[in-house]
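Let me begin by presenting the structure, written as structure tokens, before commenting on it.
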Amino acid sequence: MINVDNLSVEFSATPLFTDVSFVINPKDRIALVGKNGAGKSTMLKIIAGIQEPTHGVVSRQKGVTIGYLPQVMVLSDERTVMEEAETAFAHISEMQERIDKMNNELATRTDYESEEYMELVERFTHENDRFMMMGGANYHAELERTLIGLGFQRKDFDRPTKEFSGGWRMRVELAKLLMQKPDVLLLDEPTNHLDIGSIQWLEQFLAQRANAVVLVSHDRAFINNVTNRTIEITCHHINDYKVKYDEYVKLREERREQQIRAYENQQKEIAEIQQFIETFRYKPTKSNQVQSRIKQLEKIVPIEIDEVDTSSLRLKFPPCLRSGDYPVICEDVAKSYSHNIFKDVNLTIKRGEKVAFVGNNGEGKSTLVKCIMGEIPFEGNLKVGHNVQIGYFAQNQAQLLDGDITVFDTIDRVAKGDVRLKIRDILGAFMFGGEASDKYVKVLSGGERSRLAMIRLLLEPVNLLILDEPTNHLDMQSKDVLKQAIKDFDGTAIIVSHDRDFLDGLVDKVYEFGGGKVREHIGGIYDFLKKKQIESLNDLGRNMNSAGSPTGQASPVTETKTADNGSNEAAPAASQLSYAEQKERNKVIRKAETVVKNAEAKIEKLETELASIEAQLATPEGASDASLFTKHADVKKQIDAAVEEWENASMELEQLQG
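Each number in our numbering corresponds to the 1-based position in the sequence shown with 55 added.
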């Protein structure tokens, strides 16, 4: 669909990439990877037609549509959430107007036998069938499902977008883009403003319903679940791997080892040639051979080795005071503004524990962190233990850095002992290698400042780390360095994050925020999923959506507190049922499970049928077959009905199991 041919981009005569060529095919799921600054976002802009390359061309098949989601967008404040989302269907509204106009003309004209009338009938039929195929009759229901999947509640649909944070407004833009169903989706860090549940929903949408996708993301779990091809930008060129990210990492390591061996052999050959030249340069009898060796040396093309992977660099927090046994204890802690954020929070974090705060945006994770920090008032008792030294990372920490000193000096002023000898290596691991370490802080971007604040925190002697979304501006290698440093940290850590790969193997306890409650789950992030009896965090997002909203407004829910052994306090009530009652209850649950399973099978069958019809429509013969358009619209209606049936059955099953 899209052909990138001999693409080159230069900034101030410095090449970003050179002679890059690749093809984007239908149903490709491409992860565009590389170090920060390698040119990933620039590549997306060029494919989208927003930026021109220095050399080369991007060819697009006629009629191919492209949807592009940048990291930063200018958003409108003049509409409600639904009104803004509906702008994605402006083309359908225009089509509806044309159809209505033709329909009215057909009703008023009387020259039924004329050639013009027959042409009008044909145009009307074609346009109406195309309208039905594009989902014109039921796009509103699909749009609602998409907004809900991305974390909104129905009551949010009529609220002005200006009431929402930038992250939530970006979700509206993402919903618009997904609903337009372009042939190629270009997504630049789409998970930065999403919570875990919404990320999982987006994974499923892209894997099952999108056409071709090219995405840039530092969320390893996300790209592994979505992509089937990895294009790496390295050393100003690309390497195209027809595998997902985890397999690419293994192949890349093998490739780099081969490069190193080839480079060493080449250096040995160069050294031998140079030695021969130096030895016989002034001997007349060897002059021809010397000249031959000089020409041979000039023809050698230096072998480049891919950028060094600094993920093996290990950072260690400096020694710190031993804190009390319980750095944080909450007893009946509550916080509310004009509405309840959370109440009856009872938790105890022991010294040395690594815990995660998870849940939808607006459910109170950062609010509880601020309570622990003593930044805002609250109700109840919250005790910070003896000798606790808190190291706090949040986005606003970057604003507190001194702008009039360099990146190197910022770290040099807090580094102690032997760490000072490794400052350059540490800065390189967090993408401040080479000349970047001599930049003044005031010229850094927001993301660069956040990374610098993170490095500074890593070198400060603290015994309680509180990290609020620490991975948002880190690439995968930097995240690995940070993750290992926290694992080796002998203090206590509270991590607010939606990055499953980062949390996996790092935390040993999960606190789930939702519906005005905080529930404790012992174990890692995937142990938490298992205890919730769900296969993905998408179900977590759906459960939370029924209880909370982007603004943190909660509706009454029944609290289900999970004890240390993972048992449910509501369980005794079920165990007190008689054998007959319990048997009947299990029978009802099995019946509901069957309904869900059948609905899923029905959806899968219909989607297969729809894909077959769309393949026929893509042919010249199919495009002229009006009956196929009608059949396509009919199958789409059946899918919508089946999805609604599945959603209702799933909700009923969740209630029965809960």
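The C-beta atom is built at its ideal place from N, Cα and C for all residues, glycine as well.
Please read these numbers as outputs of a predicted model, since none were measured by experiment.
By the Cβ-count criterion, Tyr296 is buried, with 16 or more other Cβ atoms from all chains shown falling within 10 Å of its own Cβ. Here the C-alpha atom of Ser552 lies approximately 33 Å from the C-alpha atom of Ile79. Around the beta carbon of Leu161, fewer than 16 other beta carbons sit within 10 angstroms, so the residue counts as exposed.
Residue Val443 holds the alpha-carbon nearest to the alpha-carbon of Met428 among Val443, Gly417, Asn415 and Glu418.
Put simply, the segment 476-486 touches the segment 533-540. At least three CB pairs are less than 8 Å apart. The beta carbon of Thr201 sits closer than 7 Å to those of Ala230, Leu233 and Met234, all from its chain and outside the five residues before and after it, given in chain order.
In the DSSP assignment, Glu386 forms a beta bridge with Asn436. The alpha carbon of Asp213 has as its nearest neighbour, out of Glu141, Val268 and Met157, the alpha carbon of Glu141. Between the C-alpha atoms of Ile355 and Asp480 there is a straight-line separation of about 31 Å. Contact between the segment 340-360 and the segment 316-332 is present: 3 or more CB-CB pairs across the two stretches fall below 8 Å. With respect to Gly104, Asp60 sits apart: the two C-beta atoms are not nearer than 8 Å. Sorting Leu175, Val119 and Arg284 by C-alpha distance to the C-alpha of Phe77 places Arg284 at the top. If you compare the alpha carbons of Met137, Asp387 and Ser169 with that of Lys572, the shortest gap goes to Asp387. In this structure, Val64 is the residue among Gln710, Val565 and Val64 with its C-alpha nearest to the C-alpha of His292. The segment 260-275 and the segment 236-246 touch, with three or more beta-carbon pairs separated by less than 8 Å. Per DSSP, Ala491 lies in no alpha helix (DSSP H) segment and is marked neither H nor E.
At a Cβ-Cβ threshold of 8 Å, Asp380 and Lys409 do not count as neighbours. For His110, the enclosing beta strand (DSSP E) covers residues His110 to Arg115.
Beta bridge pairing from DSSP links Arg153 with no other residue. The segment 555-565 and the segment 299-314 do not touch, with fewer than three beta-carbon pairs separated by less than 8 Å. Secondary structure note for His576: its beta strand (DSSP E) is the uninterrupted segment Lys572 to Ile577. With respect to the C-alpha of Gln259, the residue from Phe544, Arg224, Gly204 and Leu519 having the closest C-alpha is Gly204. The segment 465-477 makes contact with the segment 501-517: 3 or more CB pairs, one atom from each, lie closer than 8 Å. Annotation: Ile549 to Tyr566 spans about 10 Å, alpha carbon to alpha carbon. In the structure shown, Thr69 adopts extended strand secondary structure according to DSSP, grouped into three states.
Val271 is positioned such that its CB atom lies closer than 8 Å to that of Ser96. Annotation for Ala326: the continuous alpha helix (DSSP H) segment containing it runs Tyr300 to Phe335. A direct Cα-Cα distance of roughly 18 Å separates Lys646 from Val698.
For Val345, the three-state secondary structure derived from DSSP is helix. According to DSSP, Asn58 shares a beta bridge with Val78 and Ser114. The Cβ-Cβ distance between Ile288 and Phe66 does not fall below 8 Å.
Straight-line spacing of the CA atoms in Val498 and Ile460 works out to 10 Å.
When the five nearest sequence neighbours on each side are left out, the beta carbons in the same chain lying within less than 8 Å of the beta carbon of Ile580 are those of Ala411, Val413, Arg555, Leu558, Asp559, Val562 and Val565, in order along the chain.
For the pair Arg84 and Thr246, the CB atoms are not nearer than the 8 Å cut-off. The DSSP-derived three-state label of Gly379 is coil. Excluding the 5 residues flanking it on each side, Thr120 has same chain C-beta neighbours closer than 6 Å at Pro237 and Asp238, in chain order.
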